[in-house]
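Notes to accompany the following structure.
2 protein chains.
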Amino acid sequence: MKRIMLVVAYDGTKYCGWQMQPNGITIEEVLNRTLTELLQEQIMVTGASRTDSGVHALGNVAVFDSETRIPGEKLSYALNQRLPKDIVIRESKEVEADFHPRRCVSQKTYCYRILNSKFPIPTERLYSSFIYYPLDEKRMEEAAAYLIGEHDFKSFCSAGSQVIDTTRTIYDISVERTGEVITIRLTGNGFLYNMVRIIAGTLIKTGLGAIPPVKVKEILEKKDRSHAGPKAPAEGLTLEKIEYCNKIY
Amino acid sequence: MKRIMLVVAYDGTKYCGWQMQPNGITIEEVLNRTLTELLQEQIMVTGASRTDSGVHALGNVAVFDSETRIPGEKLSYALNQRLPKDIVIRESKEVEADFHPRRCVSQKTYCYRILNSKFPIPTERLYSSFIYYPLDEKRMEEAAAYLIGEHDFKSFCSAGSQVIDTTRTIYDISVERTGEVITIRLTGNGFLYNMVRIIAGTLIKTGLGAIPPVKVKEILEKKDRSHAGPKAPAEGLTLEKIEYCNKIY
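For the protein sequence lines, the chains are A and B, in the order given.
1 is the number of the first residue of the first sequence in my numbering; add one for each residue after it.
1 is the number of the first residue of the second sequence in my numbering; add one for each residue after it.
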């Protein structure tokens, strides 16, 4: 028996997120089915990040155990032949038997993309969130700075979450504009349910001038979801990479 | 009766190109249907560029004549409410009765996007062409320089074309790399059938090292389609803008 790790990129547009669920097709389900068919044994992957419906990934991570004699590094080629074009295995390899994709994480990077223009651009609509009113990215950056560091992010966690400890560390947040596209990039040791999208929604409110940047500090201190901004749409979000003990996937 | 001009952006992924045809849905057809419904009169648009199946646009141009009392500038809003999300009217306005979107063109700009990476990225697949082997963008730029100016582009025109005069002027071609994405941008007074995609395919061959950059000069001189490279895939191509007498759409 060996444990194999996959680095998975996907276009989340057509999927009901990562995790198996009864109402629609998910990334996890497609991987399980494809691996089971390919390896001729029942495979169940464990994912690092259970991305929401419509969210994309450049480097999510999954592991599974198998009796296969195919070398770990070769599996990605066989899988990519069989997977739909909106799911790509970037890397596959054998890992230690005790490697767990959630417990061993050292940091994750997410990117939130906003199209800030007078009209929506059809070729951007699947991978960004459209905002018509001008956003001031300097104000957004100023607001974002209050979130860097170790904080209780309860205000930025969806109300339905069952997590008890809502303290997380954000190592860095950058806000950059290239023409009509604003990119928010966040790196942290972990993110609560919907945390990145609620942060994006709150920064958008700051950028619109609806709240002053310093207000973000107050929102953090309130530890109450109702004070933060709305959850920004899924299509703007991409899980870019997951790092394990200085190794990037 | 007034003549109204539309600047149209679209994601060409799901369409069989611009021009009406029996085998599938086209941009022209959707515009005609939507305008006819909205204005309650039979509308037939005339397009500036009959983009191929799968090709995208940021700024194609169409005109039509109508008896409507809706001001030209307001039409875009009413249309965008009714159009599918992959077609957006960026601008609408009344123009002179003799304005013709093909005859009055002063220049067009196309962009060809290549993803040059070790694995395809799912979120790039609809708007770029994937090339696994490393491309040398400096060689591509060197090759592109031979195409700038007034030339007979017969070698870069699909064999089926009925055009008699195959002379066109390319004002500029740039080849730029940003990380794993290479962008070829061409501006000219007009382009022959499949010309941009055949140029892109030929530059890709140069970038791969399959032919030396100077060979492009020879290909031009041969005036024979069989000497140029293959036609690069549609999904990488976007019609960026059309300019009319110093005015950009």
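For every residue, glycine included, the Cβ atom is placed at its ideal position computed from N, Cα and C.
Original post:
Should residue 88(A) be flagged as near chain B, meaning a C-beta pair shorter than 7 Å?
Top reply: yes
Original post:
Quick one, which of 47(A), 36(A) and 179(A) has its alpha-carbon nearest residue 136(A)'s?
Top reply: 179(A)
**OP:** For the alpha helix (DSSP H) containing residue 82(B), list its first residue and its last residue.
**Re:** 72–82
Subject >> Nearest-angstrom Cα separation, counted from residue 156(B) out to residue 102(A) >> reply: 53 Å
Original post:
Within the 7 Å Cβ cut-off, does residue 52(A) reach chain B?
Top reply: no
Original post:
What's the C-alpha gap between residue 76(A) and residue 88(A)?
Top reply: 8 Å
Subject >> Below-7 Å beta-carbon distance, residue 200(B) vs any chain A residue >> reply: no
Original post:
the region 118–136 of chain A: which residues have C-beta closer than 7 Å to a C-beta of chain B, in chain order?
Top reply: 119, 120, 121, 122, 123, 125 and 127
Original post:
Going by beta carbon distance, what residues of the same chain come within less than 8 Å of residue 92(A), once the five residues before and after it are set aside?
Top reply: 4, 5, 6, 7, 72, 73, 74, 75, 76 and 79
Original post:
Looking at residue 46(A) and residue 18(A), is the spacing between their C-beta atoms short of 7 Å?
Top reply: no
**OP:** Would you grab the beta carbon distance between residue 114(B) and residue 148(B) for me? Rounded to a whole angstrom, and I think it's under 8 Å.
**Re:** Rounded, the Cβ-Cβ distance is 20 Å, inconsistent with contact.
Original post:
Should residue 81(B) and residue 189(B) be called a contact, given that it needs their Cβ atoms to be closer than 7 Å?
Top reply: no
**OP:** Return the CA-CA distance between residue 181(A) and residue 69(A), expressed in angstroms with no decimal places.
**Re:** 46 Å
**OP:** Taking C-beta pairs closer than 8 Å, name the residues in chain A that residue 85(B) reaches, listed in chain order.
**Re:** 120, 122 and 125
Original post:
Using a C-beta to C-beta distance shorter than 7 Å, which residues of chain B count as neighbours of residue 183(A)?
Top reply: Within chain B, no residue comes near residue 183(A); the closest Cβ sits about 13 Å away, beyond 7 Å.
Original post:
Leaving out the 5 sequence neighbours to the left and right, which residues in its chain are closer than 6 Å to residue 208(B) when beta-carbon positions are compared?
Top reply: 133
Original post:
At a Cβ threshold of 7 Å, is residue 62(A) touching chain B?
Top reply: no
Subject >> Proximal chain B residues relative to residue 250(A), where beta-carbon distance stays under 8 Å >> reply: Residue numbering for chain A in the displayed model covers 1 to 249; residue 250(A) lies beyond these limits and cannot be assessed.
Original post:
Between the Cα of residue 122(A) and the Cα atoms of 223(B), 15(B) and 174(B), which residue gives the shortest distance?
Top reply: 15(B)
Original post:
What residues in the region 4–25 of chain A have a beta carbon less than 7 Å from any beta carbon of chain B?
Top reply: 9, 10 and 11
Original post:
Applying a beta-carbon distance threshold of less than 9 Å, which residues of chain B neighbour residue 238(A)?
Top reply: 123
Subject >> N- and C-terminal bounds of the beta strand (DSSP E) containing residue 91(A) >> reply: 87–95
Subject >> Closest Cα partner of residue 64(B) within the set 129(B), 44(B), 234(B) and 25(B) >> reply: 44(B)
Original post:
Helix, strand or coil for residue 25(B) per DSSP?
Top reply: coil
Original post:
By Cβ distance below 6 Å, which residues in the same chain neighbour residue 95(A) in space, the five residues on each side in sequence not counted?
Top reply: 3 and 5
**OP:** Determine the extent of the alpha helix (DSSP H) in which residue 139(A) is found, giving its start and end residues.
**Re:** 137–145
Original post:
Can you give the beta carbon distance from residue 100(B) to residue 238(B), rounded, assuming they're within the 8 Å contact cut?
Top reply: Wrong, their Cβ atoms sit about 23 Å apart, outside the cutoff.
Original post:
In whole angstroms, what separates the C-alpha of residue 126(B) from that of residue 175(A)?
Top reply: 26 Å
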